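Reviewing the structure listed below.
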Amino acid sequence: MTWVLDHLGLLAELTGTHVYLSLVPLVLGLVLAVPLGWLASRSRFARATLLSVSSLLYTIPSLALIVILPGILGTRIIDPLNVIIPLTIYTVALLVRSIADALSSVPANVVAAATAIGYRPLRRFLGVEFPLAVPVIVAGLRVAAVSNISLVSVGALIGISGYGALFTDGFPIGFMTEVVVGVLATLVLALVVDAALLLIGRLLTPWTRAGR
Amino acid sequence: MDFVSLLIGWLSDAAHWAGSDGVPVRVLEHLEYTVISLLIAVVIGFPLGALVGHTGRGGLLLVGAANGLRALPTLGVLTIVVLLAGIGVVPAIAGLVLLAVPPVMAGTYAGIRAVEPIIVDAARGVGMREWKVLASVEVPNAMPLIFGGVRSAALQVVATATVAAYVGLGGLGRYVFDGLAIRDYAQVASGALVVAVLAVVVDLVFIGLQRLVVSPGLAPAKSGKASA
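Sequence order for the protein chains is W and S.
Quick note on the working numbering: the first sequence kicks off at 1 and runs consecutively.
Quick note on the working numbering: the second sequence kicks off at 1001 and runs consecutively.
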C-alpha cells in the first residue's frame, strides 16, 4: 500500500498509456468494422470471405503479431503502433461478425417502412438500421475492450508500457507487490471501461426500455 | 535485406532445425505444454460447467467469474504464479491452466443451458436418471458450444505459452525472447511466424475434430437457425 502511495505519479502515467493503447484500437476497430460488417451483411461472398479472414487473424497470438509487424511495416520495435495495430485487427475481427449479424437481423418490414416514408439508403442506414444494431455492437465492443485492456500488457515485453511495465519491472527483482498492483489495476480499468460502455449503450438506445 | 528474405534466411539455415533448441524440438515442447494444460483445464472446467449447467445453480457466479478472468492480463498471472512457486515448467503450466479453465467452463455451461428444455423433459419422461440425462442427452446436444469453448481455450494456451517463455518456459516463445535479448530480429520474427502457423494449424485440427465429435444430427438444425 505504501508502495502505491509512493508511486501515484508512475501509476497515473501508466494508466494514461494503458487507456490510450487499448482504447485507440477500440475506436479505430469500430470505425473500420462498421463498413466491413455492412458489406458482410449485404453479400454472402463478402460475408464468407471477411469472416474467414477475421477468424484467421484472430487466431494469430498477440505476441507473434506484435513482433512481426516491425518487419512488415518497417516500424521500430518500440513503436506504439506495433501494439495499436494488432489490437485494432483483433477488434475488427471480433466486431465484423457481430455487426454483420446485427444488421442482417434488422426486420425487413422496418427497412421497408423506412424506405416507404422516403429515407434514402445512406440516411436509412444511419437513422434506422445502424441504431437498431447498437445493442449488439455495444456487446461486441465490451468484449473487445476487456480483451484489449488485458492484451496491452504483452506490449511491455518489447518495451511499450502500460500496466505491463509493472510486470516487467517487478518480475526480475522478485517484487510481488508491483506485479499484484499491475494485475489489480488492469482488472479495475477493465471493469470501469466495461461499465462505461454499458452506460453509453443504454443512453444511445432509450427505446429498448420504453415499453417496460 | 528485406523482411521475407530475412525470414527465409533464418528458417532455411539447417542449424536452426537441429539440436535441443531447433525448431522441431521447440514445436514439440510448445505442443506438449498446450496439450497438458488443455487436458487439465478440461478435467477441471468441463465437470464444473456441466454440473452448474445441469442444475442451473450458480450460473450467474460462473458466468461472472469467467468474464472477470478474461480481463486478467496473462503476463501478470504468469509472473505471479512463478514468483510464488518458483521458475519451472510446473508453475508456468499452472498459469496456463488457470487461463484455459474459464473458456472451457463457460462453453460447457452455455452449451448445456442452451439445450431445449423439451428434449431434457422427454429424456426424463422416458425414465432416464439425472446423470444419464446429462451424459446421454445434454452433453451430446451441447457439444458444438463445449467444443467452441475448448477451441478458444486451445488458442489461448498456444498464445500464452509463447508469453510464458518470459518466465522461463521453453517452447517457441524462446526464439522471441532470446532473439530480443541479443537483438537478433531474424530469430524473433521467425519464431513469431512459426507460432502463428502453429496456432492456425491447431485451430484447423480443432475444426476437424469438431466435425468428428459433434453429432451429424445437430449440424443442419444449427445452420438453419443461423440463416433464419
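Cβ atoms here follow ideal geometry from the backbone N, Cα and C, with glycine treated the same way.
Every value quoted in this text rests on a predicted model; they were computed, and no experiment measured them.
Contacts with chain W at 8 Å (Cβ-Cβ) include R1070 (chain S).
Identification of chain W residues near L1011 (chain S) by a Cβ-Cβ cut-off of 8 Å yields none; the smallest Cβ-Cβ distance measures about 13 Å. Proximity of I85 (chain W) to chain S, defined by a Cβ-Cβ separation below 8 Å, is not satisfied. The DSSP-derived three-state label of L1069 (chain S) is helix.
Under the three-state reduction of DSSP, G29 (chain W) is assigned to helix. The beta carbon of V24 (chain W) sits closer than 7 Å to those of I84, all from its chain and outside the five residues before and after it, given in chain order. Here I200 (chain W) is exposed. Its C-beta has fewer than 16 other C-beta atoms within 10 Å. By the 16-neighbour rule on beta-carbons within 10 angstroms, S1020 (chain S) is exposed. Contact between the region 1148-1158 of chain S and the region 1027-1040 of chain S is established, with three or more Cβ pairs separated by less than 8 Å. Straight-line measurement puts the Cα of V1043 (chain S) at about 31 Å from the Cα of S52 (chain W).
At a C-beta separation below 7 Å, T59 (chain W) has these neighbours in chain S: L1155, A1199, V1200 and D1203.
Distance from the CA of P1103 (chain S) to the CA of G1111 (chain S), rounded to the nearest whole angstrom, comes to 12 Å. The beta carbon of T186 (chain W) sits closer than 8 Å to some beta carbon of chain S.
Secondary structure at F175 (chain W): coil, using DSSP grouped into helix, strand and coil. CA-to-CA, the gap between L1031 (chain S) and Y119 (chain W) works out to about 56 Å. The Cβ of I89 (chain W) sits no closer than 8 Å to any Cβ of chain S. Annotated as distal: T1162 (chain S) and G1149 (chain S), with beta-carbon spacing of 8 Å or more. In the three-state scheme derived from DSSP, where H, G and I count as helix and E and B as strand, G162 (chain W) is classed as coil.
Around V152 (chain W), the same chain offers H18, L21, S22 and G162 as residues with beta carbons nearer than 6 Å, after the five sequence neighbours per side are excluded. Contact check for V1023 (chain S) against L1198 (chain S) fails: the beta carbons are separated by 8 Å or more. With a cutoff of 8 Å on beta-carbon distance, A1066 (chain S) and L1078 (chain S) are scored as not near each other. Contact of F1003 (chain S) with chain W by beta-carbon distance below 8 Å involves G71 and I72.
By the Cβ test, the region 1003-1017 of chain S is not in contact with the region 1069-1085 of chain S, since fewer than three Cβ pairs between them sit closer than 8 Å. Taking C-beta atoms under 8 Å as the contact rule, G37 (chain W) and V96 (chain W) qualify, at a distance of about 5 Å. Take the alpha-carbon of I1008 (chain S) and the one of L157 (chain W): they are about 25 Å apart. A direct Cα-to-Cα measurement between V1133 (chain S) and I66 (chain W) gives close to 46 Å.
Boundaries for P61 (chain W): no alpha helix (DSSP H) harbours it, and the DSSP string shows neither H nor E there.
Leaving aside the five residues that flank L32 (chain W) on each side, the residues in its chain whose CB is nearer than 6 Å to its CB run, in chain order, V92. For G1170 (chain S), the secondary structure class from DSSP, reduced to helix, strand or coil, is coil. Across the structure, A1123 (chain S) and V1137 (chain S) are spaced so that their CA atoms are roughly 7 Å apart. Counting only residues of its own chain and dropping the five nearest sequence neighbours on each side, V180 (chain W) has no CB closer than 7 Å to any other CB. Under the Cβ distance rule, L56 (chain W) counts among the residues neighbouring chain S, one pair being separated by less than 8 Å.
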